[in-house]
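*Asks:* Numbering (our numbering), first residue to last: 3 to 123. Sharing a structure with you now.
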């Protein structure tokens with residue numbers, strides 16, 4: 003009897019320890035978009051379910067596009083219930099119409115998606 007009660011308590015504690023990390027996981031909504039903004043830069047736009055954490059006034063999430071780190075990652079505004087962000091990356095070697103890997107290093111884990119480069123508006 004004591005062993006069953008101890009097992010039940012241990013199971014509940016294990017679930018309680020894991021629940022906050024699952025609940026705080028950042029979820030990407032939609033596909034990230036790359037768009038040419040000038041001859042040397044591409045803009046990355048993406049949406050997440052909640053605002054990303056900040057450190058020293060800057061967004062603390064690390065993102066790379068085709069192995070190159072993005073710069074100027076900033077909150078762009080709401081889009082429905084999502085939060086949208088934009089960032090710039092130098093476009094050396096990126097071609098319009100091609101897809102490239104975008105790696106998001108969130109606090110809750112790493113997500114890799116393919117994003118297509120769209121022409122300038």
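Glycine residues also receive a C-beta, built at the ideal position from the N, C-alpha and C atoms.
In terms of residue numbering, what span does the beta strand (DSSP E) encompassing residue 67 cover?
*Replies:* From DSSP, the beta strand (DSSP E) with residue 67 extends over 64-67.
*Asks:* To the nearest angstrom, report how far apart residue 24 and residue 108 are at their CA atoms.
*Replies:* Any answer about residue 24 is weak, because its pLDDT of 44 lies below 50 and its placement is not dependable; what the coordinates show is given next. Taking the straight line joining both Cα atoms gives about 13 angstroms.
*Asks:* Keeping to the same chain, check which residues put their C-beta closer than 8 angstroms to that of residue 71; ignore five residues upstream and five downstream.
*Replies:* Excluding sequence neighbours, residue 71 sits near 64, 65 and 91.
*Asks:* At 4 residues or longer, and completely inside the region 50-118: list those alpha helix (DSSP H) runs for me, N to C.
*Replies:* Whole alpha helix (DSSP H) segments, 4+ residues: zero.
*Asks:* What number of angstroms, rounded off, separates the C-alpha of residue 37 from the C-alpha of residue 45?
*Replies:* Rounded to the nearest angstrom, the two C-alpha atoms are 5 angstroms apart.
*Asks:* Starting from the C-beta of residue 94, find all residues in its chain whose C-beta is less than 7 angstroms away, skip the five residues before and the five after it, and write them out in chain order.
*Replies:* Within the same chain, residue 94 has no close Cβ partners at all.
*Asks:* Keeping to the same chain, check which residues put their C-beta closer than 8 angstroms to that of residue 12; ignore five residues upstream and five downstream.
*Replies:* The predicted model places residue 12 with a pLDDT of 47, which falls under 50 and marks its position as unreliable; any figure quoted below should be read in that light. Answer for residue 12: no residue qualifies.
*Asks:* When the Cα atoms are used, what is the spatial distance from residue 98 to residue 115?
*Replies:* One C-alpha to the other measures close to 17 angstroms.
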